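Novice:
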Amino acid sequence: MKINVIGEEIPQEEINAYIAYGRKKYHGKEITELTITPDGDYANLKFSFADVPFDRIRRITGYLVGTTERFNNGKRAEERDRVKHSV
4 MKINVIGEEI
14 PQEEINAYIA
24 YGRKKYHGKE
34 ITELTITPDG
44 DYANLKFSFA
54 DVPFDRIRRI
64 TGYLVGTTER
74 FNNGKRAEER
84 DRVKHSV
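Counting from 4, one number per residue, gives the positions in the sequence shown under our numbering.
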């Protein structure tokens, strides 16, 4: 994780507290960068996160599928013969 402190220096313990806060608040997301800007008694925090991979799901012939590899010949024929609309 990349840490940026803009303006005045802050102790490592405070930085660790901001990291712990971000991990608790955004649990499940991987934090890649944290920018800390001290502002008197407060600090502005900006978290950047890693991209989340996803699988494309389509609705084909009444089924939600990612791929058609498990379709039997009949379902493959339905998918091949359906009318495809452009956007």
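By construction, the Cβ of each residue, glycine as well, lies at the ideal position given by its N, Cα and C atoms.
Owing to the predicted nature of the structure, the values given are computational and were not obtained by experimental measurement.
In the structure shown, what three-state DSSP assignment does Asn-7 receive?
Specialist: Strand.
Novice: Classify Leu-67 as buried or exposed, calling it buried when 16 or more other Cβ atoms lie within 10 Å of its own Cβ.
Specialist: The residue is exposed, with fewer than 16 neighbouring Cβ atoms inside 10 Å.
Novice: According to DSSP, which residues form a beta bridge with Ile-39?
Specialist: Its beta-bridge partners are Val-8, Leu-48.
Novice: Since Tyr-66 sits in a beta bridge, which residues does DSSP pair it with?
Specialist: Beta-bridge pairing links Tyr-66 to Ile-63.
Novice: Check whether the Cβ of Val-68 lies closer than 8 Å to any Cβ atom in chain D.
Specialist: No chain D appears in this structure, which consists of one protein chain only.
Novice: Between the alpha carbons of Thr-70 and Phe-57, how many angstroms are there, rounded?
Specialist: Thr-70 and Phe-57: Cα-Cα distance of roughly 14 Å.
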